[in-house]
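Down below is the structure, laid out as structure tokens.
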Amino acid sequence: MHKFSSIAPAIIRLTLCCLLLFSSLGCAANAAIPTDGPYGYISPSSDGIGKLYYGREIANVMGYQGANWLARPSRATEERSDMAVDALMLKSDDVVADIGAGLGYISFQLADWVADGKVIAVDVQPEMLALLEVERDRYHLNNIETVLSTESDPNLPTESIDMAVMFDAYHEFAYPAEMMAGIVRALKPGGQVVLAEYRAENPLVLIKKHHKMSQKQVKKELAAAGLTWVKTDDRLPQQHLMFFEKLA
Ligand SMILES: C[S@@+](CC[C@H](N)C(=O)[O-])C[C@H]1O[C@@H](n2cnc3c(N)ncnc32)[C@H](O)[C@@H]1O
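Read in order, the letters of the sequence shown correspond to residues -28 to -1, 1 to 220 in mature numbering (1 follows the signal peptide of the UniProt record, and there is no 0).
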């Protein structure tokens, strides 16, 4: 008998054993991650909450105690949010929701563009909205409203907004599926969602890991919300500026 034919059954048996071993290891690994609907749970990393969505660990919410960082003088040159807001191509009568508005760094810039419309500044922390309201009232910016969200609901009326923007905020949503469902419901048909997120693909963007996102991940998660990717604008120094649409 040829030498190979004598060892072939042993090779086949070994291969089958390996396949069985690896598939049972895979099952064990899956079973080790508890799930709840679209979410999985792991032990939290230093800047994450231990909750997974499409394989991404959701980031800690930036507390209002650190709000000063959002208004740091270097931010204008680091992020060039003036260019981002310019890229939105807002019409003066648009209604735009700034979700995760913080103390209003972006809301105040949006307000200049929608003189006949309005900005709805939404945040889950009442303390952030209180800081925003002080500045809004000081500068008499009458076209900015504030709305307190919950972790899972932006609390916006159905088909009431032309655009929702999230600057450096989406990665913190503890319930991204539910938040996005609420945002999509609040959009008028044909309305847009725009995300600015620090580029995870670039190690030179020196932001904590879970506070950055890759384009691939953003597209996956917003497709799950029923949104259609339109374009990614590359003009910003450190962030992806990604446009999505709710089809009419
Ligand atoms: C890093 S800050 C960015 C603030 C603002 N967009 C800016 O660029 O200055 C993220 C904000 O998102 C808010 N946030 C986190 N989860 C939220 C949720 N589920 N609904 C609304 N706001 C949320 C936080 O409270 C925080 O103010």
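Every residue gets a Cβ at the ideal spot worked out from N, C-alpha and C, and that includes glycine.
Is the distance from the Cβ of Leu219 to the Cβ of Thr200 below 8 angstroms?
Position 247 of the sequence shown, counting from 1, holds the residue named residue 219. Position 228 of the sequence shown, counting from 1, holds the residue named residue 200. Their beta carbons are under 8 angstroms apart, which means Leu219 touches Thr200 by this criterion.
Tell me which same chain residues have a C-beta within less than 8 angstroms of the C-beta of Ala31, skipping the five on either side of it?
The residue given as residue 31 occupies position 59 in the sequence shown. So the qualifying residues of the chain are Asp19, Gly20, Ile21, His143, Glu144, Lys180, His182, His183.
Is any heavy atom in ligand 1 found nearer than 7 angstroms to the beta carbon of Leu24?
Against the sequence shown, residue 24 aligns to sequence position 52. Checking every heavy atom of ligand 1 against the Cβ of Leu24, none is found closer than 7 angstroms.
So, with DSSP's three-state summary, where would you put residue 222?
Residue 222 is absent from the model: the chain starts at -28 and stops at 220.
Could you check if Glu169 is buried or exposed, using at least 16 other CB atoms within 10 Å of its CB as the buried criterion?
By 1-based counting over the sequence shown, the position of residue 169 is 197. Counting Cβ neighbours within 10 Å, Glu169 comes out buried, since at least 16 surround it.
Count Cβ pairs between the region 71 to 78 and the region 130 to 142 that sit closer than 8 angstroms; are there 3 or more?
With three or more CB-CB distances shorter than 8 angstroms, the region 71 to 78 counts as touching the region 130 to 142.
Relative to the C-alpha of Tyr147, which residue among Asp205, Asn174, Pro126 is closest?
One-based indexing of the sequence shown puts residue 147 at position 175. Relative to Tyr147, the option among Asp205, Asn174, Pro126 whose CA is nearest is Pro126.
Anticipated Cβ contact below 8 angstroms, Gly163 with Asp134, distance rounded:
Translated into the one-based positions of the sequence shown, residue 163 becomes position 191. Translated into the one-based positions of the sequence shown, residue 134 becomes position 162. The C-beta distance from Gly163 to Asp134 rounds to 5 angstroms, short enough to meet the 8 angstroms contact threshold.
Kindly examine ligand 1 and report whether one of its heavy atoms sits closer than 7 angstroms to the Cβ of Leu159.
Position 187 of the sequence shown, counting from 1, holds the residue named residue 159. Leu159: no, Cβ never under 7 angstroms from ligand 1.
Name the DSSP beta bridge partners of Ile155, please?
Stepping through the sequence shown from its first residue, residue 155 is reached at position 183. Answer is none; Ile155 lacks a bridge partner.
Quick one, are the C-beta atoms of Val68 and Val86 less than 8 angstroms apart?
As a working mapping, residue 68 is identified with position 96 in the sequence shown. As a working mapping, residue 86 is identified with position 114 in the sequence shown. Val68 is a Cβ neighbour of Val86, given a cutoff of 8 angstroms.
CB contact check: Ala93 to chain D, cutoff 8 angstroms:
Checking the listed chains, one finds no chain D in this structure; it contains a single protein chain.
Endpoints, the alpha helix (DSSP H) within which Thr204 is located:
Taking the sequence shown and counting its residues from 1, the one referred to as residue 204 is at position 232. Looking at the DSSP string, Thr204 is not in any alpha helix (DSSP H); the run it does join, the beta strand (DSSP E), is 200 to 205.
If the criterion is Cβ atoms closer than 8 angstroms, does the pair Ala172 and Met185 meet it?
As a position in the sequence shown, residue 172 is number 200, starting the count at 1. As a position in the sequence shown, residue 185 is number 213, starting the count at 1. Contact: yes.
Among Arg110, Val106, Ser53, nearest to Pro209 - alpha-carbon criterion:
In the sequence shown, counting from the first residue as 1, residue 209 sits at position 237. Considering only alpha carbons, the answer is Ser53.
List the whole-angstrom C-beta distance separating Ile71 from Val94, where the pair is believed to meet the contact cut-off of C-beta under 8 angstroms.
The residue labelled residue 71 in the question sits at position 99 within the sequence shown. The residue labelled residue 94 in the question sits at position 122 within the sequence shown. Ile71 to Val94, Cβ: 5 angstroms. Contact.
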